[in-house]
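As structure tokens, the structure follows; a few thoughts come after it.
There are 2 protein chains.
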Amino acid sequence: MDALTLRPPSGDRTVVRDDITAYLARSQDVICQALADLDGGPFTSDDWTRAGGGGGTTRVLEDGRVFERALVGFSEIYGTLSPERIKTALGRSAATTSSEVPFYATGLSIVVHPRNPHVPAALINYRYFDCGEPSAEASTWWFGGIANLTPFYLYKEDCKAFHQAHKAVCDRYDKAFYGRFKEACDEFFYLPHRSEHRGVGGIFFEGLNDRPREILLGFIADCLQAFLPVYMPIIDRRRNMAVTPAQTRWHQLRRGRYVEFNLICDRGTRFGLETGANIEAVLASMPPQAAWQYEHKPSPGSDEDRLVAVLTNPRAWA
Amino acid sequence: MDALTLRPPSGDRTVVRDDITAYLARSQDVICQALADLDGGPFTSDDWTRAGGGGGTTRVLEDGRVFERALVGFSEIYGTLSPERIKTALGRSAATTSSEVPFYATGLSIVVHPRNPHVPAALINYRYFDCGEPSAEASTWWFGGIANLTPFYLYKEDCKAFHQAHKAVCDRYDKAFYGRFKEACDEFFYLPHRSEHRGVGGIFFEGLNDRPREILLGFIADCLQAFLPVYMPIIDRRRNMAVTPAQTRWHQLRRGRYVEFNLICDRGTRFGLETGANIEAVLASMPPQAAWQYEHKPSPGSDEDRLVAVLTNPRAWA
């Protein structure tokens, strides 16, 4: 994935749309290729269209050697939404007096569920949204992003590497970014009914529009670009580690929490389910298997218990 | 489980509370004993108390010979709720002007996840609720109930027997009950994002208070009493049937839908999760394992396809 060549700020949002869309679509190819090369298995590819405008391509690798499931989904959707719908869906009003507001949204999501419980699962999502009339004053636009690492066994070196890689990108744009986005990530990936976080965090931001679009476009491109160089070595370190049946069982139970997060807590998944998006694409983020056991508690001092301690109290990793 | 001896209507709701609570608690013992005898494995038993008043006993059998998981949970909770909370939780107002309304709720839930995919899963729940001052005019009370059969392979004889057993009880009380409650059950056990029902239905009712409490108490006792005599023979017919790996896989995938229903659609589970009830007790209804596969579709004309056809278009069974 080569770097994004930034054009000078033009004030014309179609330039940004074209650039971000082309970049995310190209990244889908590059990322699928890298993951497929590592695994040895191919991705299937499904194109879908949205009745109201736009569509996407969902690529999935299932039952591979390294990955039990990997999803790389690209979407570009557009059309009109009522101002109420925009407010409900996005938590903020569009600057408009029209009854139907034009909108445009594009995003890339990567969800990786490795087979070996020593390899953490990963979720990456970068997206751009704008709505309202094209004139600069009346339009609303922002970027959003997620990079989250969900380990089943705690390897501090992996957590640190993941956070440091994302902090390095954040710091190049704004020294305040990483601290804010790390905290927002811990907050977002939280299961209130379990008093527990999903994973060891990373970065999370929404509604980011505090500097020129062209700059933020560069920021999310750089974030996306940081992912494979830090995640692939983690996979390489862990993928051939010996696994006991008890560890496999633990993996399944923790995937149960992953399912709970997706179906109960994740605003993105719930929004997809409620708005009748492509259901198979929305639920392609689910783990391939999960388990539930009544009152399961890891033994004090065990590796499993050490993980839970960190999920209960998020740590500083970078 | 012997029949409930009904006392003559007394107008005193504590009599009804005592009777229903004692009956549900006693039924828990009897049902656990019957399921444990069939399986050979014991139930664990956990007593829990609720901070605001009351508590319950959760009994679970896991990893048995016949049942991968069976849950029989009894609860009796009471205290006060704000009128707003009652309205939000229950969809209707309590007749009161107080800021805190006394309430009382008791229920028995049975969730059975058999090991063999030819044996359907079953969910049974009967409950009583009242709130407001004890004087007859100002108080609100009702009964609720669920009996739902969730097969993984379609055996019409099982579906008919389950429905007929419940229809027979309904008909003894009101010829209009079964038709209404069967339809409400199909409506309740529906996954809108899949355009598919969970299971082949049964009966579902909520807010039932259209005749004297003592009569309705007899009705739900009779419903509960109808369960084992129809479900145990179904288990007996199917528990030793040969199972292929493809059938086990299908079982897991359908349990994925079961999880989706519980976590996304089931008002009871969501209410439990949101109100900070005993989480382990709430989620003890989950299947022991579940799986998701991208774009999985049964082959046309297969047994799996025949099931899906019925889940998409509920049938008349009795």
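If you're matching them up, the sequences are chains D and U in order.
Residue 11 is where the first sequence starts when you use the working numbering, and the numbers rise one by one after that.
Residue 11 is where the second sequence starts when you use the working numbering, and the numbers rise one by one after that.
For every residue, glycine included, the Cβ atom is placed at its ideal position computed from N, Cα and C.
- Taking C-beta separations shorter than 7 Å and ignoring five residues to either side along the sequence, the partners of D:P127 in its chain run F162, Y163, V253, Q257, T258, W260, H261, following chain order.
- One alpha carbon belongs to D:F214, the other to D:F198, and they sit about 8 Å apart.
- At a cut-off of 8 Å between beta carbons, U:E72 contacts chain D.
- Counting only runs that start and end inside the stretch 22-77 of chain U, the alpha helix (DSSP H) elements of at least 4 residues fall at 23-49.
- By the C-beta density criterion, D:M251 is exposed, having fewer than 16 other C-beta atoms within 10 angstroms.
- D:V122 and U:G64 have their C-alpha atoms roughly 44 Å apart.
- Distances from the alpha-carbon of U:A301 to those of D:L293, D:Y304, D:H306 put D:L293 closest.
- With respect to the C-alpha of U:P243, the residue from U:L48, U:L273, U:G154 having the closest C-alpha is U:L48.
- For the pair of segments examined, the stretch 316-324 of chain D was found to touch the stretch 202-210 of chain D: the number of CB pairs separated by less than 8 Å reaches three.
- Taking a beta-carbon distance threshold of 8 Å, U:I96 does not count as an interface residue toward chain D.
- Taken atom to atom, the span from the alpha-carbon of U:Y304 to that of D:I274 is near 20 Å.
- Nearest Cα to D:P298 within the set U:F281, U:G266, U:N288, U:L238: U:G266.
- Spanning the alpha carbons of D:A32 and D:D246 requires a straight line of approximately 30 Å.
- Here D:G211 is buried, its C-beta having at least 16 other C-beta atoms within 10 Å.
- The beta-bridge partner set that DSSP reports for D:Y136 consists of D:L118, D:G155.
- Contact annotation for D:P298 against chain U: A301, W302, Q303 [CB-CB distance below 8 Å, chain order].
- Here U:I96 is near U:V111, since their CB atoms are less than 8 Å apart.
- The Cβ neighbour count for U:I134, taken over all protein chains shown within 10 Å, is at least 16; the residue is labelled buried.
- Within the same chain, G89 come within 6 Å of D:G62 by CB-CB distance, once the 5 residues on both sides are set aside.
- Neighbourhood of D:L321 in chain U, by CB distance below 9 Å: empty, with the nearest CB roughly 15 Å away.
- Contact of D:E110 with chain U by beta-carbon distance below 9 Å is absent, the smallest such distance being about 25 Å.
- Under the three-state reduction of DSSP, D:G311 is assigned to coil, being neither helix nor strand.
- Apart from the 5 residues on each side of it in sequence, D:E72 sits with its Cβ closer than 6 Å to the Cβ of R79 in its chain, given in chain order.
- It is roughly 45 Å from the alpha-carbon of U:Y241 to the alpha-carbon of D:G51.
- Counting of Cβ neighbours within 10 angstroms places D:A186 among the exposed residues, the total staying below 16.
- D:F237: member of the alpha helix (DSSP H) spanning 223-248, first to last residue.
- Here the alpha carbon of U:F172 sits roughly 10 Å from the alpha carbon of U:P239.
- Here DSSP, grouped into helix, strand and coil, assigns U:A131 to strand.
- Neighbours of D:V269 in chain U, taken as residues whose beta carbon is under 8 Å from its own, are V269, L273, A300 in chain order.
- In chain order, H203, R204 make up the part of chain U whose C-beta sits under 8 Å from the C-beta of D:I289.
- CA-CA distance, U:V129 to D:T279, rounds to 32 Å.
- Judged by beta-carbon spacing, U:S85 lies beyond the 8 Å limit of U:R69, meaning their Cβ atoms are not closer than that value.
- For D:A326, no Cβ of chain U is located within less than 8 Å of the residue's own Cβ.
- In the structure shown, the three-state DSSP call for U:T279 is helix.
- Nearest neighbour of U:G83 by Cα position, chosen from U:A35, U:E94, U:L45, turns out to be U:A35.
- Shortest Cα-Cα distance from U:T67 to any of U:L81, U:F77, U:G74 involves U:L81.
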